[in-house]
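Residue numbers (the UniProt record's numbering), protein chains in the order written: chain A, 1 to 108; chain B, 1 to 415.
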Ligand SMILES: Cc1cc2nc3c(=O)[nH]c(=O)nc-3n(C[C@H](O)[C@H](O)[C@H](O)COP(=O)(O)OP(=O)(O)OC[C@H]3O[C@@H](n4cnc5c(N)ncnc54)[C@H](O)[C@@H]3O)c2cc1C
Ligand SMILES: [Zn+2]
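Given below as structure tokens:
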């Protein structure tokens with residue numbers, strides 16, 4: 001069972017309390033964007049075997065959105081952080097890099 | 001290859017079964033092939049088979065990191081049907097279903113295809129409308145399906161409870177020629193036929209890199225060394241995103257876990273396949289007597305081949321309402337596979353940004369039924385280098401063009 005600590009209310013919530021919503025930090029293109037940009041925004045996804053940054057919502061708790069960094073190969077959770085950010089916090093990236101030296105770093 | 005027959009069984013019985021040969025060779029890789037297929041699941045093996053059978057291309061290797069059929073092909077609940085909504089889907093799934101009918105003869109391998117019939121239960125008003133629409137679409141596509149009322153459902157499935165409080169059975173979409181087949185046998189049968197045509201099936205050999213030059217693939221790096229090729233086919237289901245990453249392009253799909261479980265064996269009680277899409281419950285009875293139950297997907301990216309237990313619990317909780325007798329059954333095993341799910345719940349078959357590299361993926365939760373049709377279509381794409389035939393509509397470019405083959409509206413899931 002996956003357990004993520006919601007950074008909004010501090011509760012260690014198990015996954016039945018949460019809703020997963022896919023890749024985080026996607027650039028949202030609007031009207032007038034190129035076909036390439038719209039395709040990337042709507043359909044193309046990072047699908048790494050390893051470190052993944054995601055959006056989650058604490059639906060059956062405080063109701064708020066947050067971000068999580070997880071490993072898709074081991075289900076290890078590296079950490080969670082607020083949704084109001086355009087990229088993962090530096091300390092979290094450093095922590096992951098230490099655990100996964102071969103990891104290429106955060107890519108959008 | 002010695003053919004399997006009633007005579008062969010009699011002959012071997014008379015000499016204590018000492019004369020059977022290995023079904024396929026396990027050679028070391030050569031340094032070069034005309035075509036390399038990555039992934040010895042059903043789709044990869046079927047692609048190789050039809051490359052040989054339909055196009056005479058036999059200098060082919062199928063490279064597998066584990067054992068053949070050990071991916072989703074050996075983990076699925078084997079439901080075969082072709083009652084899809086959109087025309088391109090109906091075409092390829094119906095081709096596949098019809099090839100299943102003659103597969104055992106064609107491969108000289110008993111794949112135990114059992115066209116016992118498949119019912120998709122309508123348990124909401126929305127589903128009644130949806131399946132009636134699909135039945136009309138199928139009539140136009142020449143796929144034989146039929147909308148049936150609750151009494152007929154009860155006749156076909158005596159163990160069903162029609163009047164469950166939360167999920168009443170309001171009718172169903174019935175495809176009498178759908179059914180099941182033995183999953184391992186499909187992989188083994190194709191592997192034996194490919195090996196017999198001189199193709200190399202190389203197991204325990206992981207692809208770790210793609211060699212490129214000038215926008216074309218020149219070969220692959222593997223745990224058994226480098227191998228060169230003229231054309232490359234990637235057919236790796238849940239690992240497609242990872243392989244595309246190695247090749248330097250992105251795909252519009254995500255890999256998530258899908259689970260199934262089986263009960264202890266019991267006497268025959270249900271001789272059709274029942275799908276309850278609203279509750280993500282799919283049930284049939286195996287020849288051994290086990291109730292085989294498929295569930296829904298997890299919500300997050302995952303490569304571990306293990307899913308979350310609460311999803312199985314949700315599936316079983318809902319199915320018990322519709323099949324009260326299964327509440328007494330002990331469940332023996334449960335497992336997961338990693339499925340590659342696209343935005344429109346349809347597969348991707350076609351060309352890639354690399355000139356001589358072709359991809360077949362995105363079958364998600366429902367590609368077992370498609371194996372022969374998919375291999376047939378993929379072989380045509382690789383042999384001709386053009387996305388044509390049954391594959392024409394399934395190209396990677398459809399997402400940019402907004403030309404979806406939307407099956408998520410039809411079922412929400414696609415077993
Ligand atoms: C629980 C479950 C139930 C399902 N139920 C149904 C059903 O009832 N009906 C239906 O039609 N479909 C069903 N499906 C879907 C179906 O199983 C798949 O769509 C289908 O089997 C995919 O076949 P494949 O050959 O593409 O993939 P796979 O069988 O997964 O084969 C891909 C192969 O590629 C290999 N590979 C991956 N990476 C590498 C690498 N780097 N190097 C070398 N080899 C590599 C893997 O080891 C694997 O053997 C179900 C799936 C699951 C998990
Ligand atoms: Zn919270």
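The C-beta atom is built at its ideal place from N, Cα and C for all residues, glycine as well.
Contacting positions in the region 278–311 of chain B - beta carbon closer than 9 Å to chain A: Answer in chain order: 298, 299, 300, 301, 302, 303, 304, 306, 308, 309 and 310.
Name, in chain order, the residues that DSSP records as bridge partners for residue 212(B). DSSP, once it has assigned bridges, lists 217(B) as partnering residue 212(B).
Using the Cβ count rule (16 or more neighbours within 10 Å means buried), how would you classify residue 17(B)? A residue is called buried once 16 or more other Cβ atoms fall within 10 Å of its Cβ, and residue 17(B), having fewer, is exposed.
Name the chain B residues that come within less than 7 Å of residue 20(A), Cβ to Cβ? Under the 7 Å cutoff, chain B gives 299 and 300.
Does residue 45(A) have its Cβ less than 8 Å from a Cβ in chain B? Chain B, which has a Cβ nearer than 8 Å to the Cβ of residue 45(A), makes this yes.
Given a cut-off of 8 Å on the beta-carbon distance, is the pair residue 187(B) and residue 41(B) in contact? Their beta carbons are under 8 Å apart, which means residue 187(B) touches residue 41(B) by this criterion.
Leaving aside the five residues before and after residue 329(B) along the sequence, list all residues of the same chain whose C-beta is less than 8 Å from its C-beta, in chain order. Within the same chain, and ignoring the five residues on either side of residue 329(B) in sequence, the residues whose Cβ sits closer than 8 Å to its Cβ are 263, 264, 266 and 291.
Kindly confirm or deny that the region 364–378 of chain B and the region 33–51 of chain B touch, where touching means at least three C-beta pairs closer than 8 Å. Pairwise C-beta distances place the region 364–378 of chain B in contact with the region 33–51 of chain B, as three or more of them are shorter than 8 Å.
Residues of its chain near residue 286(B), where Cβ-Cβ distance is below 6 Å and the 5 sequence neighbours each way are ignored: Short of 6 Å from the beta carbon of residue 286(B), and not among the five residues preceding or following it, lie these beta carbons of its own chain, in chain order: 292.
Determine whether the beta carbon atoms of residue 112(A) and residue 37(A) lie at a separation below 8 Å. For residue 112(A) there is no data in the structure shown, the boundaries of chain A being 1 and 108.
Cutoff 7 Å; reference residue 78(B); Cβ partners in own chain excluding five residues on either side: 180, 181, 183 and 368, listed in sequence order.
DSSP state of residue 414(B), grouped into three classes? Confidence is the limiting factor: at residue 414(B) the pLDDT is only 47, short of 50, which leaves the residue's position unreliable and the question unanswerable from this model.
Contact set between residue 255(B) and chain A, taken where Cβ atoms lie within less than 9 Å: Annotation: Cβ neighbours of residue 255(B) in chain A (cutoff 9 Å, chain order): 47, 49 and 72.
Which ranges does the alpha helix (DSSP H) cover as unbroken runs of at least 4 residues, wholly within the region 157–236 of chain B, from first to last along the chain? DSSP runs (the alpha helix (DSSP H)) wholly in the region 157–236 of chain B: 183–196.
Rounded to the nearest angstrom, what separates residue 95(A) and residue 296(B) at their Cα positions? Taking the straight line from one Cα to the other gives about 34 Å.
What does the alpha-carbon distance come out to for the pair residue 51(A) and residue 45(A)? If you take the alpha carbons of residue 51(A) and residue 45(A), they lie about 14 Å apart.
For chain A, check one thing: does any of its Cβ atoms lie closer than 8 Å to the Cβ of residue 395(B)? Closer than 8 Å: no.
Spatial neighbours of residue 414(B) within its chain, please: C-beta separation below 7 Å, excluding the five flanking residues on both sides. Bear in mind that a pLDDT of 47 at residue 414(B), under 50, signals an unreliable position, so the number given afterwards is only what the model happens to contain. Excluding positions up to five away in sequence, the list reads 345, 364, 365, 366 and 407.
Chain A contacts from the region 148–161 of chain B (Cβ-Cβ distance under 7 Å): Under the 7 Å Cβ criterion, the region 148–161 of chain B contributes no residue.
Answer with yes or no whether the minimum CB distance from residue 41(B) to chain A is below 8 Å. No, no contact with chain A.
Can you find a C-beta in chain B that's less than 8 Å from the C-beta of residue 27(A)? Taking Cβ atoms only, chain B never reaches closer than 8 Å to residue 27(A), which makes this a no.
Taking the continuous alpha helix (DSSP H) assigned at residue 378(B), which residues delimit it? Segment 371–384, the alpha helix (DSSP H) holding residue 378(B).
For residue 67(A) and residue 106(A), I'd like the C-alpha separation in whole angstroms. Near 14 Å, if we compare the C-alpha coordinates of residue 106(A) and residue 67(A).
If I'm right that residue 147(B) touches residue 132(B) with Cβ under 8 Å, what's the distance once you round it to whole angstroms? Contact holds; Cβ gap of about 5 Å.
Starting from the Cα of residue 3(B), find the closest Cα among 378(B), 37(B), 104(B) and 52(B) and give me that residue. When each option's Cα is compared against that of residue 3(B), the closest is 104(B).
Kindly indicate if chain A contains any beta-carbon less than 8 Å away from that of residue 400(B). With 8 Å as the cut-off, residue 400(B) counts as an interface residue toward chain A.
Chain A residues whose Cβ lies nearer than 8 Å to that of residue 251(B): Here the neighbours are 44, 45 and 47.
I'd like the list of long-range same chain contacts for residue 125(B), defined as Cβ closer than 8 Å, with 5 residues on each side in sequence excluded. Cβ neighbours of residue 125(B) within its own chain (closer than 8 Å, five residues either side excluded): 170.
Taking residue 4(A) as the query, report the chain B residues whose CB atoms sit under 7 Å from its CB, ordered along the chain. Neighbours of residue 4(A) on chain B: none; closest Cβ ~10 Å, over 7 Å.
Hey, residue 16(A) and residue 108(A): beta-carbon distance below 8 Å or not? Contact check for residue 16(A) against residue 108(A) fails: the beta carbons are separated by 8 Å or more.
By the criterion of Cβ-Cβ separation under 9 Å, what are the contact partners of residue 241(B) in chain A? For residue 241(B), the chain A residues whose C-beta falls within less than 9 Å of its own C-beta are 45, 46, 47, 48 and 49, listed in chain order.
Once you ignore the five residues that flank residue 289(B) on each side, which residues in its own chain have a CB closer than 6 Å to its CB? If we look at residue 289(B) and ignore the five residues flanking it on each side, its Cβ neighbours are 265 and 266.
Check whether the Cβ of residue 38(B) sits closer than 7 Å to any heavy atom of ligand 1, and report yes or no. Residue 38(B) Cβ: within cutoff of ligand 1.
To the nearest angstrom, how far is it from the Cα of residue 391(B) to the Cα of residue 76(A)? Distance between the alpha carbons of residue 391(B) and residue 76(A) is about 38 Å.
Within its chain, find whatever has a CB closer than 6 Å to the CB of residue 90(A); leave out the 5 residues flanking it on each side and keep chain order. Non-local beta-carbon contacts of residue 90(A) in its own chain, meaning distances under 6 Å to residues more than five positions away in sequence, are absent.
Using a C-beta to C-beta distance shorter than 8 Å, which residues of chain A count as neighbours of residue 343(B)? For residue 343(B), the neighbours in chain A by C-beta distance under 8 Å run, in chain order, 42 and 43.
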